[in-house]
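Here is the structure we will look at.
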Amino acid sequence: MEYASMAWHGATPTSLSKLDAVQRRAARIIDLPGEELSSLQIQPLAHRRTVGATTMFHRIFYGNAPELLCQLLPDQLQTDPRLRRSVRSHDLAVQIPRSNLVSHERSFIPSTARTWNALPPHIPGIVKRNSFKKEVNSYLGANPSALS
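When you read off a place in the sequence shown, starting at 1, and then add 98, the result is the number in this note's numbering.
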């Protein structure tokens, strides 16, 4: 269910809810009530998909992904001195590609760019992938509304 999560990232909410239902059914099969799932720190699939996608975006941003993927990286936001600092999330924020279709808006680059820009300023600057993934996992776990 986690394999190729970037491919699933842009799926319709109906399809994603079916995937989440598979995880719930599997938990029932192994006789785990819902509260035990959270005590065992088994995150919902949506959380794991977002962490995986954001980690892949991090690899692309720092040039640690295949060249074809790195070419998909949106440009960084340009600082406008007339804007207050609070308008931007952090110095490594990227431009979110314009979307005319909801399906494109949900796809990997636009949705992950929104998640990337919403991260606290100290997280995108972490260069080591494992440290970054741990911080993103903690941040998204504490802020479920940040999931996109």
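All C-beta atoms, glycine included, are put in the ideal place defined by N, C-alpha and C. Owing to the predicted nature of the structure, the values given are computational and were not obtained by experimental measurement.
{"Item": "Residues near D173 in its chain [Cβ-Cβ closer than 6 Å; skip 5 each side]", "Value": "Q193"}
{"Item": "For A105, the nearest candidate out of S236, A151, V120 (CA to CA)", "Value": "A151"}
{"Item": "Spatially closest choice to P218 from L238, V120, L175, by CA coordinates", "Value": "L238"}
{"Item": "L170, buried or exposed, once every other Cβ within 10 Å from all chains shown has been counted against 16", "Value": "exposed"}
{"Item": "Under 8 Å between C-beta atoms of R147 and S103", "Value": "yes"}
{"Item": "DSSP state of V234 mapped onto helix, strand, coil", "Value": "helix"}
{"Item": "Close Cβ partners of R227 (< 8 Å) along its chain, the five nearest in sequence each way excluded", "Value": "T153, H156, R157, N162"}
{"Item": "Delimiting residues of the alpha helix (DSSP H) encompassing T213", "Value": "206-216"}
{"Item": "Secondary structure of Q176, DSSP reduced to three states", "Value": "coil"}
{"Item": "Beta carbon of P222 nearer than 8 Å to that of P208", "Value": "no"}
{"Item": "Beta-carbon proximity of S205 to H107, cut-off 8 Å", "Value": "yes"}
{"Item": "Contact set for W214: own chain, Cβ-Cβ below 7 Å, skip 5 residues either direction", "Value": "T152, F155, V192, P222"}
{"Item": "Range covered by the alpha helix (DSSP H) that runs through H188", "Value": "It is not in any alpha helix (DSSP H) - H188 carries neither H nor E in the DSSP assignment."}
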